[in-house]
Amino acid sequence: MTSGLVSPKRPRNLAERLVGEFTREIRQARLRPGDRLPTEAQVVRRFGVSRTVVREALSQLQAAGLVETRHGIGTFVTMNRRDSGLRADAAEIATVVDLLAMLEMRIGVESEAAAIAARRRTDEHLERMRAALDEFERLLGAGETTEPADFRFHSTIAAATGNRYFASFMGSLGTKAIPRAHLKLPDLPSLHHRDYLASVNREHEDIFNAIAREDADGARAAMRTHIGNGRERLKLRQESSDNLEPRRKK
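Under full-length UniProt numbering, think of the first position of the sequence shown as 1, with each following residue one higher.
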């Protein structure tokens, strides 16, 4: 059985390229605390990417604590940015074995994050989680990739803890938190794949409902089940083929 290698030398997708661009501008003080980022439409024109890509990149920047969105106003570089935090180097997640190990770690980290979020979440956090789940359903129905909405849901839970270490951890992973975005897994019939994604979002709904009713134990259990199921699904699909390969950039 082979382990799919993912090159650590290049950005894995357009969203990560945008994250890298804005992170450099912030680190090099071309964008300073309190500065407003370009509008979504401006970023689309500047980089030639879709609105979905822009939203995914902003979600990663928010999760990393680099920017904050003020609804109806815009997205701004955070005033009191701190560089320290719990981080994972996504570039080091290069094989299926690495992905399985990262999912194992996420079980511990995100299960507790969900429990804390259930106690601390605000109505705004719930609205953002709900919007991510609705967007997941819309993308699934349209036959489009669901990974951006998936990541937004998980990163919003991290933000809802009010603990920058959880947010920093998710931000450092980016969409690497969603393994199906980075590996070419054995082909499945489209209907089967849609059923699989629908089951993923049902698990999301269980997590959301527990957080909404402020059920910390229920949220912890639902998140543990969700990521544990994802890890087992990846193992089963890996074992079903000796030709597991990564998605390669063309």
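We put the beta carbon where it would ideally sit given N, CA and C, even for glycine.
Residue nearest to residue i in terms of C-alpha spacing, selected from the options
i, options, result
"alanine 132", "Arg106, Ala115 and Phe208", "Phe208"
"isoleucine 157", "Pro148, Val96, Ala118 and Leu139", "Ala118"
"threonine 39", "Gln28, Glu124 and Thr75", "Thr75"
"asparagine 229", "Ile107, Thr145, Gly141 and Ala142", "Ile107"
"glutamate 144", "Arg46, Val43, Leu100 and Val53", "Val53"
"phenylalanine 166", "Thr225, Ala101, Glu112 and Ala41", "Glu112"
"arginine 231", "Val44, Ala101, Val109 and Thr161", "Ala101"
"aspartate 123", "Ile227, His226 and Arg213", "Arg213"
"residue 251", "Ala57, Leu103, Ala114 and Leu126", "Residue 251 falls outside the range modelled here, since the chain spans only 1 to 250, and no answer is possible."
"glutamate 110", "Arg180, Thr95, Val19 and Asn163", "Asn163"
"leucine 61", "Arg121, Ser168, Arg46 and Ile211", "Ser168"
"glutamate 137", "Ala41, Ala210, Ala57 and Leu197", "Leu197"
"threonine 161", "Gly141, Arg120, His193 and Ala142", "Arg120"
"arginine 180", "Arg46, Val96 and Ala57", "Val96"
"histidine 125", "Lys235, Ile211 and Leu236", "Ile211"
Three-way DSSP call (helix, strand, coil) for residue i in this model
i, result
"arginine 164", "helix"
"glutamate 68", "strand"
"arginine 121", "coil"
"lysine 235", "helix"
"leucine 197", "helix"
"glutamate 104", "helix"
"arginine 213", "coil"
"alanine 15", "helix"
"glycine 143", "coil"
"glutamate 112", "helix"
"alanine 159", "helix"
"glutamine 28", "coil"
"isoleucine 178", "coil"
"threonine 95", "coil"
Beta bridge counterpart(s) of residue i as assigned by DSSP
i, result
"phenylalanine 47", "The partner list for phenylalanine 47 (beta bridge, DSSP) is empty, contrary to what the question assumes."
"phenylalanine 208", "In the DSSP output, where bridge partners are listed per residue, phenylalanine 208 has none listed."
"valine 77", "Val67"
"arginine 36", "Phe76"
Pairwise C-alpha distance: residue j and residue i
i, j, result
"phenylalanine 151", "glycine 174", "7 Å"
"glycine 218", "alanine 29", "43 Å"
"isoleucine 178", "arginine 233", "13 Å"
"arginine 36", "isoleucine 73", "9 Å"
"glycine 34", "histidine 71", "15 Å"
"alanine 159", "methionine 223", "15 Å"
"leucine 139", "arginine 32", "34 Å"
"threonine 225", "arginine 202", "12 Å"
"methionine 105", "proline 148", "21 Å"
"glutamate 68", "isoleucine 227", "27 Å"
"alanine 216", "aspartate 195", "28 Å"
"serine 59", "valine 19", "9 Å"
"alanine 63", "histidine 154", "9 Å"
"glutamine 42", "arginine 51", "10 Å"
"isoleucine 116", "arginine 45", "39 Å"
Close-in-space but distant-in-sequence residues of the same chain around residue i (CB under 8 Å, 5 per side omitted)
i, result
"leucine 66", "Phe22, Thr23, Ile26, Val77, Thr78, Arg81 and Gly171"
"arginine 55", "Glu40, Pro148 and Arg152"
Neighbourhood of residue i by C-beta, 6 Å cutoff - its chain only, sequence neighbours within 5 removed
i, result
"arginine 128", "Thr156"
"valine 49", "Leu14"
"aspartate 98", "none"
Same chain, Cβ closer than 7 Å to residue i, neighbours up to 5 away in sequence not counted
i, result
"glutamate 135", "Ala149"
"glutamate 205", "Leu133"
C-beta neighbour in chain D for residue i, strict 8 Å
i, result
"threonine 145", "Here there is only one protein chain, and chain D is not present."
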